[in-house]
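What follows is one structure encoded as structure tokens, with my remarks underneath.
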DNA sequence: CAAATTTAGTTGAAAACTGTACTATTCATG
DNA sequence: CATGAATAGTACAGTTTTCAACTAAATTTG
């Protein structure tokens with residue numbers, strides 16, 4: 703019987719299916735048994751990231767934002783009035799410079815950040831959070847937190863620490879490109 | 703001094719900056735101290751997923767594939783000749799049905815899968831892996847594994863188990879939408 | 001210090017993905 | 001068994017992101 707799966711592939715049946723599938727494929731491809739863990743970890747990480755993304759998207763849509771523009775706004779909030787340039791933002795967020803230009807265009811158009819030419823370097827553009835932007839952040843952050851509540855409560859503080867520690871080790875091993 | 707960051711945000715300075723930034727923002731927004739862990743875990747998960755994606759993309763590009771089409775091919779490989787339908791693939795991979803149609807179009811055009819109407823249900827389309835597709839998988843899998851080697855070797859088997867266990871708990875908590 | 005190189009930002013075209021709407025078919029139920 | 005609801009697939013339009021090419025300014029270097 704072909705058991706049905708709910709939309710977001712995060713039911714326990716869906717997860718079991720992934721594990722079975724990975725094990726089967728790894729064996730047929732003659733991969734070492736440990737590779738099952740590697741691939742499973744990768745898949746689950748990707749699915750979790752997608753889950754975060756989707757939850758955030760839903761929560762942010764009503765504010766006219768998406769996860770990327772939100773993260774960009776947070777960079778400004780962190781900067782505490784210090785101006786940021788598009789390329790800084792691009793490297794920090796991991797977005798392309800091209801995309802960052804667009805996102806900033808949008809945020810400027812929405813009135814959440816202001817843009818003016820840099821005094822020091824005339825190639826550069828200085829961007830700052832507007833009052834409206836800061837207000838938006840203060841208003842939206844609690845809503846996001848609320849949406850993420852189930853995920854937050856699914857694991858213990860100790861598990862969170864462990865997760866962070868393991869992810870850091872993996873991240874440092876990523877080949878830079 | 704404003705320290706420069708390498709392209710993919712996975713240097714140890716970049717990670718520290720994320721942690722500092724999260725802590726600072728959380729405090730200024732009056733969020734509880736634990737939320738720093740929550741947000742950090744989320745960010746690192748997302749960055750890791752992006753890292754996987756980028757590594758896969760590079761490795762797959764030379765075969766004319768992308769991470770999504772690769773995952774789709776793997777579903778067929780797992781199915782062992784059993785025909786699959788676009789909507790099955792969509793639910794399993796988490797892609798939209800629309801997108802899956804397009805991906806399958808592409809894979810058919812590349813000759814890696816074959817498409818023919820289902821005998822049982824005339825609404826359906828049956829898709830199967832072609833010999834060329836199976837050959838492509840056998841040829842590509844080891845290359846992918848090679849590209850992911852640094853990540854695989856960054857953590858112990860025990861840590862992998864732990865990572866998987868924690869991610870599973872979180873995944874099950876994701877609100878379905 | 002002039003020429004070559006690099007960097008910042010942007011633009012337009014292309015690619016990847018999503019959302020809506022539609023047709024054809026099957027399933028459910030009165 | 002006829003009719004309404006649900007499902008499979010896809011086309012089309014819109015969004016988001018990337019790629020390639022370009023301008024302008026700064027930096028390097030011969």
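Protein chains in written order, with our numbering: chain A, 703 to 879; chain B, 703 to 879. All residues carry an ideal CB built from backbone N, CA and C; glycine is no exception. Only a predicted model underlies this, so the values are computations on that prediction, with no experimental measurement involved.
Residue i to residue j span [Cα, whole Å]
i	j	result
residue 793 of chain A	residue 823 of chain B	50 Å
residue 728 of chain B	residue 762 of chain B	39 Å
residue 706 of chain B	residue 868 of chain A	Confidence in residue 706 of chain B is poor, its pLDDT being 28 and thus under 50, which makes the residue's placement too unreliable to answer from.
residue 798 of chain B	residue 848 of chain A	26 Å
residue 835 of chain A	residue 833 of chain B	55 Å
residue 750 of chain A	residue 852 of chain A	13 Å
residue 828 of chain B	residue 748 of chain A	28 Å
residue 703 of chain B	residue 736 of chain B	Confidence is the limiting factor: at residue 703 of chain B the pLDDT is only 29, short of 50, which leaves the residue's position unreliable, though a coordinate-based value still follows. C-alpha separation (whole angstroms): 29 Å.
residue 764 of chain B	residue 816 of chain B	22 Å
residue 782 of chain A	residue 731 of chain B	12 Å
residue 802 of chain A	residue 745 of chain A	28 Å
residue 780 of chain A	residue 726 of chain B	7 Å
residue 711 of chain A	residue 821 of chain A	With a pLDDT of only 42 at residue 711 of chain A, under 50, the local geometry of the prediction cannot be trusted, and the value read off the model is given with reservation. Computed Cα separation, rounded: 50 Å.
residue 718 of chain A	residue 713 of chain B	34 Å
residue 723 of chain B	residue 811 of chain B	47 Å
residue 708 of chain A	residue 858 of chain A	Its pLDDT being 33, under 50, residue 708 of chain A is placed unreliably by the model, and nothing is read from it.
residue 756 of chain A	residue 813 of chain B	33 Å
residue 776 of chain A	residue 843 of chain B	39 Å
residue 740 of chain A	residue 758 of chain B	14 Å
residue 854 of chain B	residue 873 of chain A	11 Å
residue 866 of chain B	residue 860 of chain B	10 Å
residue 785 of chain A	residue 784 of chain B	58 Å
residue 876 of chain B	residue 856 of chain A	9 Å
residue 738 of chain B	residue 863 of chain A	11 Å
DSSP beta-bridge partners of residue i
i	result
residue 786 of chain A	A:829
Residue i, enclosing alpha helix (DSSP H) - first and last residue
i	result
residue 752 of chain A	737-763
residue 718 of chain A	714-730
residue 776 of chain B	769-781
residue 809 of chain A	799-811
Delimiting residues of the beta strand (DSSP E) encompassing residue i
i	result
residue 857 of chain A	Element bounds for residue 857 of chain A: n/a, residue is neither H nor E.
residue 819 of chain B	815-819
Chain-ordered neighbours of residue i on chain A, where CB pairs are closer than 7 Å
i	result
residue 857 of chain B	868, 871 and 872
Within chain B, the residues that residue i reaches when beta carbons sit closer than 7 Å
i	result
residue 714 of chain A	874
residue 864 of chain A	864 and 868
residue 754 of chain A	744, 747 and 748
residue 877 of chain A	757 and 852
residue 840 of chain A	731
residue 727 of chain A	776, 779 and 780
residue 723 of chain A	780
Residue i: contacting residues in chain B (beta-carbon distance under 9 Å)
i	result
residue 807 of chain A	The premise fails here: residue 807 of chain A is roughly 22 Å from chain B at the closest Cβ pair, so nothing lies under 9 Å.
Per-residue contacts from residue i into chain B (C-beta, under 8 Å)
i	result
residue 778 of chain A	Within chain B, no residue comes near residue 778 of chain A; the closest Cβ sits about 10 Å away, beyond 8 Å.
residue 717 of chain A	870, 873 and 874
Contact list for residue i against chain A, beta-carbon separation under 9 Å
i	result
residue 740 of chain B	847, 850, 853, 854 and 862
residue 737 of chain B	847 and 854
Chain-ordered neighbours of residue i on chain A, where CB pairs are closer than 8 Å
i	result
residue 811 of chain B	Those do not exist, as residue 811 of chain B stays about 24 Å from chain A at its closest Cβ, beyond 8 Å.
residue 765 of chain B	Under the 8 Å cutoff, chain A gives no residues; its nearest Cβ is about 15 Å from residue 765 of chain B.
residue 843 of chain B	731 and 733
Just checking, does the region 756-773 of chain A make contact with the region 803-819 of chain A on the three C-beta pairs under 8 Å criterion? Segments in contact, yes.
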